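Please read the structure below before turning to the comments.
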Amino acid sequence: MSLAHLSTSRRDGPLFISRAVLVVTSLTIWIISFILNAGSLDGGSMDHLKLGAQAFDLLGLAVAIVASAPKTPRHHLPFLRLIWLASSITSGTMTAQFVTPTSGYLSLALNVLFGTALVFLVAMRWDLLGFLVLVAANSVLSGAYYAATPRFGSGEGLLIFFITILPGLLGGLAVFFLRNQVQRTLERQTLGALNTLTAQSVSRDAERAEDLAETHQQIQALFAKVAERRGLPLDPGFSEQAQVLAEQLRSQLMISQSTNWLTESLSLAGLEATVMVVAQSDLVERVSPASRSAVLATTMLLTAPAGDADSTLTARPRRLHIFVEPHTAATVLVTWRVTHMNPNRCTPALWSELGSLGVPRVHTDPGGASIMVPVEAPRSW
Amino acid sequence: MGAGIARLVTGRPEQDYSDLLVRGGAVAGFVFIAASGLYLGPAEGGPPWHRAGAALLMIIVFVCLAAMWWTDVWPLRLALVTALITLSELLAGVTYRQDSDSLLLAHSLILAVSSTLVLSLRNSWRSALFTGLLAVLVMGHTLMSSAVHGLGATTLLIVAGAWYIMFVVRYSAPKALAAYWNDQSIRAESAAAQAVACARIDASAAEARILHDTLLRPLTLLARGGAGAVPDEVREMLTVATHDAGGPGSRTTPATAHLWEATGNGARTVRTQGADAAVEPDGELALLLTDRARHHCRDGFAVDVFGEGGTLPADVQLAIADAAEECMVNAARHAGTDRVDVLVSRSGSLVSVLISDAGRGFDPKAIPAERFGVRNSVVDRMGGVGGRAKVISTPGRGTTVVLEADAA
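Just so you know, the sequences run in chain order A and B.
Heads up: the first sequence is residues 65 to 445, going by my numbering.
Heads up: the second sequence is residues 76 to 483, going by my numbering.
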């Protein structure tokens, strides 16, 4: 079987496995920092700096949470990262200003540690290189904050360096090794699935191929008979037989052409009973080959239950309808209507696939949810 | 490592073998102890036995963390917590911690490393009880130490925060990893299903094209009693070699070269079956198209090929030639005209072929679904090589088919 259609995974999935862990970690560090800073308020002139730094840290946390959310549109991410960087620099600079030779170091350390935790969140939907660049930038900035304090040169900068660079390096290594492992395993799985599905496809097609071969033989026999006769016009019996065979061949070709890549893929994946495709075949065929893999992956991810197994909503069987409608000259509107689904419980991989197709819109109602996305589908003629 | 991930996904191990989280925690603990040790070492004070004791404890902690890579049995975890508490007291004495908030932070980080032991928590009451006892040991020490020496809540907050974070990791990470793993498996399966489905549909379409071009076309002619065809044409169409050799493309052979006759103005004329077709080929694609056109020039029906397209990748060239030939056949059969013009042009890497007639035309949207000629043999065929086809036709105003493909 040709592997020309096998989409080599782009897969801009989340960089880290659990966003919840990173949010909890960041929030915990901010709470500790807030408690310690609030406890050190003395009514002096530095109090507003302490509170201001905490406020900017909280703003950075909010921005980082939005930047790591799977549903945040991809084109907003660069701006969110810039806003976070600005809030981080402001907070770090303010914190460095109230460091004295005898106090304030803990606040600065917690501030840069908090920044390190937020780097993980902000880079959640970035790539490994982007993450490492942010880690390095955060480490350099942290060093710069410390260098601006009167404690610079006392050797305490070493600890600042450790707590900013080490988590980043460990995180980067973990991502690298885990992804390598996952990639290798998935390659094996894909090859296994290719073999299984190819065999399945051949066996499903066997009956149709046999019918077609039989018709082919009948036509060849007719041609041989006609070729033996010399001259025109032909015997009316041959014409009638040719007409019957032509109709037979046309109907067999119609049957073999009656499917499209989406229904065929769903059928191979065993989802024909769960998923109903409501679309004209020519519209489905218009979907560009580059988008097909994401459309199918989205469909299959939507049929798989997500979240806690004991949740009432996720335990109920889902039914999924796919509507493909004309949209613009170069796009079609694909709508997934899923019963018993809460979009907020969907996994990041789903939003990653949807994001690769376009900008999705989500509509929820008591019966389930609808996800609409315009998909690239240029007209062929 | 794969087995570790699988075990982590499916749940906690029954035996005291380390899983991926415990190993990750051991590595993180190792790094933070080393970093804190490097920072605290030079500041270390007290009697000389303190240094020796601290060095010994560092070795014990490192050995314990290294052993965590293989096993996390309870005595190992207890030894690690005890060593960490003692090490924190030796490396950052009370006096130093009171004087310097940086030493206080390093001291807190050493104690916070104990939180990685939460990653060994299992779904059993014994494991929960033991981990709880370790937490009480660490927190109790921290609380008492802070209270006795007036250090404030800093260390307690940092250690408690670290334990809480590790607890969240213990219960969130396996679920998140399972979801991630499941999603990746679904993506792999969907990629495979889509590849197999598209390959099957492509094969089916190619088969339909061949059957249409080699069987259905002569069959339709026979169904009409051979009306409008000469006996040679019928015989040629029914030749087994033609309809079993992969379609019209198979008819292009070097043996046809002798049919070319040079003319005075550089154009060449093909004489076939009593009909003339004037052609002006300059490139390989144009030569191929002229060769195809030769088969359809009979009984006053002429196909003229102009322009040049250069050399294209073999599959693209063959697709264009087959699609163009299907247009010629359609024009000869349905257009009611005696002339078709084929214009080949190239702009950069884009090659265009226009097949145009001034015949009766048709409405492209009104083509019945059971007619495969335009859809399969022209549009899908071009789509199969990354090209495209556009049919421009109006009833009574002729037909132009534009074939475009990238030659790069």
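No residue lacks a Cβ here, since even glycine has one placed at the ideal position from N, Cα and C.
As the structure is a computational prediction, the values presented were derived from the model and not from experiment.
Legend entry - Nonlocal neighbours in the same chain, by C-beta distance under 7 Å from A:Gln307, ignoring five residues either side: none
Inset, instruction - Rounded to whole angstroms, what's the CA-CA distance from A:Val290 to A:Ser320? Just pull it up for me. - result: 28 Å
Legend entry - Inter-stretch contact (C-beta, 8 Å, three-pair minimum) for the stretch 150-163 of chain B and the stretch 175-192 of chain B: yes
Legend entry - Reference B:Ala298; option with closest CA among A:Leu309, A:Asp275 and A:Arg409: A:Leu309
Legend entry - Classification of B:Thr344 by the beta-carbon crowding that lies within 10 angstroms, buried from 16 upward: Because B:Thr344 carries a pLDDT of 35, less than 50, the predicted location of this residue cannot be relied on, and no value is offered for it.
Inset, instruction - Could you round the C-beta distance between B:Gly236 and A:Ile93 to whole angstroms and report it? I think they count as a contact, below 8 Å. - result: 7 Å
Legend entry - Bridge partners - B:Ala480, DSSP secondary structure assignment: B:Val426
Legend entry - Whole-angstrom C-beta distance between B:Met457 and B:Leu478, which should lie under 8 Å: 6 Å
Inset, instruction - Go through its chain and collect everything with a Cβ distance to B:Ser202's Cβ below 7 Å, but skip five positions before and after it. - result: Leu196
Legend entry - Span separating the alpha-carbon of A:Ala200 from that of A:Thr180: 10 Å
Inset, instruction - Check whether the Cβ of B:Cys273 lies closer than 7 Å to any Cβ atom in chain A. - result: yes
Legend entry - Rounded straight-line distance, which links the Cα of B:Pro122 to that of A:Ser155: 42 Å
Legend entry - chain A contact for B:Ile261 (CB, 7 Å cutoff): yes
Legend entry - Same chain only: Cβ atoms within 6 Å of B:Gly471, ignoring 5 sequence neighbours per side: Gly436
Legend entry - B:Gly382 - DSSP class collapsed to helix/strand/coil: strand
Legend entry - 7 Å Cβ cutoff, A:Thr159 in contact with chain B: no
Inset, instruction - Would you give the residue range spanned by the alpha helix (DSSP H) that B:Cys215 belongs to? - result: The residue you asked about is not Cys; residue 215 of chain B is Gly in the sequence shown. Looking at the DSSP string, the run of the alpha helix (DSSP H) that includes B:Gly215 is Trp200 to His224.
Inset, instruction - Have a look at the DSSP bridge pairing and note the partners of A:His385. - result: A:Met340 and A:Arg401
Inset, instruction - For chain B, find out if any of its Cβ atoms is closer than 7 Å to the Cβ of A:Phe226; answer yes or no. - result: yes
Inset, instruction - Spell out whether any CB of chain B is found under 7 Å from the CB atom of A:Met364. - result: yes
Legend entry - Cβ neighbour criterion (16 or more within 10 Å) applied to A:Gly334: exposed
Inset, instruction - Just confirm the distance between the C-beta atoms of A:Met158 and A:Ala117, as a whole number of angstroms; I'd bet it's less than 8 Å. - result: 4 Å
Legend entry - Endpoints, alpha helix (DSSP H) assigned at A:Asp346: Ser345 to Arg350
Inset, instruction - Could you tell me which chain A residues have their CB closer than 7 Å to the CB of B:Asp176, listed as they occur along the chain? - result: Ser167, Tyr169 and Leu170
Inset, instruction - Using a Cβ-Cβ cut-off of 7 Å, state whether B:Glu400 counts as contacting chain A. - result: no
Inset, instruction - From the DSSP output, in three-state form, read off A:Ile81 for me. - result: coil
Inset, instruction - Taking only the alpha-carbon atoms, compute the straight-line gap between A:Arg57 and A:Thr249 and give it to the nearest angstrom. - result: Because residue 57 of chain A is not part of the residues shown, which for chain A are 65 to 445, the question remains open.
Inset, instruction - From the DSSP output, read off the bridge partner residues of A:Met436. - result: A:Thr399 and A:Arg425
Legend entry - Sequence-distant residues of the same chain with beta carbon closer than 6 Å to A:Leu276, five excluded per side: Gln316
Legend entry - Contact the stretch 378-397 of chain A vs the stretch 101-108 of chain B: 3+ CB pairs below 8 Å: no
Inset, instruction - Answer yes or no: do A:Leu122 and B:Ala268 have a C-beta to C-beta separation smaller than 7 Å? - result: no
Inset, instruction - Compare the Cα-Cα distances from A:Ile147 to each of A:Ala160, A:Ala126 and A:Thr166 and report the closest residue. - result: A:Ala126
Legend entry - Segments of 4+ residues assigned as alpha helix (DSSP H) that fall wholly inside the stretch 110-148 of chain B: 123-142
Legend entry - Unbroken beta strand (DSSP E) run spanning A:Ser357, endpoints: Looking at the DSSP string, A:Ser357 is not in any beta strand (DSSP E); the run it does join, the alpha helix (DSSP H), is Pro353 to Thr367.
Inset, instruction - Leaving aside the five residues before and after A:Thr260 along the sequence, list all residues of the same chain whose C-beta is less than 6 Å from its C-beta, in chain order. - result: none
Inset, instruction - Pick helix, strand or coil for A:Thr392, following the three-state DSSP scheme. - result: strand
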